[in-house]
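J.:
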Amino acid sequence: SPKPDVTWSKDGKVLKEGGRITLVTEDDLYSLEIEELRETDAGTYRLTAVNSLGEVFSDVAVSVQSSLDSGDRELSLTATVGMPQFLIQPQDVSVAESETIKLTCKVAGDPTPKLSWEKDGQVVRSNRRVRVYESRGLYSLEIHDCEAEDAGEYLCIAVNSRGQVTASVNVIIEGVERVMSVSEPGEPEGDLARPEEETVAGATGGAAESSSD
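As structure tokens, then:
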């Protein structure tokens, strides 16, 4: 791919080489070195690379306090523009039960990243209801005839030889949580409390006390 123009910035302000700042480039690795470290050097640093194919960036959040406490007065950040980046992040969705869930994202990287979806620590694979596919650079996860158990947090993970990025997305099945939590005020508590107090006499005094609060 065409060699990119690369810039470093901190909290949105472009950093130039000179003074305490040194910029180093080795092949596809880009380093930012800061001498005489100060508390004001804390913040979010971004490496941005632009070429004819588009723009990618890599963010690094920096806290300098531990370095200062240990007597370290230099900061060195290294990043590569080939690591995966999300061009389109997957978005949270809310659907009714039995409808279709569709999560979509777009990633860039060199070499081309491999993308996977996970839920509860397990890789989501295509099956009778689930379809995982890529089309025109968009990676999608479709779940047909969705059920209550399909609700929750999903991870979209993009990996290549230069790094890994992860995006999380929440899926809500409309009505499922609401049905579980709805109760008529006063009625269940009143119906349950009386027999509990009558039958636990002395055996589970804590439960009787808690039910009468």
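Okay, so the sequence shown: first residue is 1 according to full-length UniProt numbering, each after it adds one. All C-beta atoms in this analysis are idealised placements derived from N, C-alpha and C, irrespective of residue type, glycine included. None of these values were measured; they are calculated from a predicted model.
I want to know whether the region 44-56 touches the region 125-143 - three or more CB-CB distances under 8 Å.
T.: Verdict: no, contact absent.
J.: So, using beta-carbon positions, are Leu75 and Val62 closer together than 8 Å?
T.: Yes, Cβ-Cβ distance for Leu75 and Val62 is below 8 Å.
J.: For Asp72, which three-state DSSP category applies?
T.: Reduced to three states, the DSSP call for Asp72 is coil.
J.: Apart from the five residues on each side of it in sequence, which residues of its chain come closer than 8 Å, Cβ to Cβ, to Gly152?
T.: Same-chain partners within the cutoff: Lys119, Asp120, Asn170, Val171.
J.: Where DSSP assigns a beta bridge to Gly109, which residues make up the other side?
T.: According to DSSP, Gly109 bridges with nothing at all.
J.: Going along the chain, which residues of its own chain have a beta-carbon closer than 8 Å to the beta-carbon of Asp150, five neighbours each way excluded?
T.: For Asp150, where only same-chain residues beyond five positions count, the Cβ hits under 8 Å are Ile101, Ile143, Val171, Ile173.
J.: Could you check whether Tyr139 and Val107 sit closer than 8 Å to each other, using their CB atoms as the reference points?
T.: Going by C-beta atoms, Val107 is nearer than 8 Å to Tyr139.
J.: Cutting at 8 Å between CB atoms, please list the residues of its own chain near Ser9, excluding the five before and the five after it.
T.: Closer than 8 Å at the Cβ level, and outside the excluded window around Ser9, lie Leu15, Tyr45, Arg46, Thr48.
J.: Between Gly12 and Ala148, what straight-line distance do the alpha-carbon atoms span, to the nearest angstrom?
T.: Distance between the alpha carbons of Gly12 and Ala148 is about 42 Å.
J.: Please state if the CB of Gly71 and the CB of Arg162 are separated by a distance shorter than 8 Å.
T.: No, they are not a contact pair.
J.: Decide if Gln85 is buried, meaning its Cβ has at least 16 other Cβ atoms within 10 Å, or exposed.
T.: Looking at its Cβ environment, which holds 16 or more other Cβ atoms inside 10 Å, Gln85 is buried.
J.: From the DSSP output, which residues share a beta bridge with Ala158?
T.: Leu115, Val165, per the DSSP bridge assignment.
J.: According to DSSP, simplified to helix, strand and coil, what is Thr100?
T.: If DSSP states are grouped into helix, strand and coil, Thr100 belongs with coil.
J.: Considering Lys16, what are the terminal residues of the beta strand (DSSP E) in which it resides?
T.: Per DSSP, Lys16 belongs to no beta strand (DSSP E) and is neither H nor E.
J.: Report the option in Gly175, Thr7, Asp28 whose CA atom is closest to the CA atom of Ala96.
T.: Comparing Cα positions, the closest option is Gly175.
J.: Cys156 and Glu99: beta carbons closer than 8 Å?
T.: Against a cut-off of 8 Å, the Cβ pair of Glu99 and Cys156 comes out as no contact.
J.: Given a cut-off of 8 Å on the beta-carbon distance, is the pair Thr80 and Ser31 in contact?
T.: Contact flag unset, no.
J.: Note down, in chain order, each residue of its chain lying with its Cβ closer than 7 Å to the Cβ of Glu36, except the 5 sequence neighbours on either side.
T.: The residues are Arg20, Arg73.
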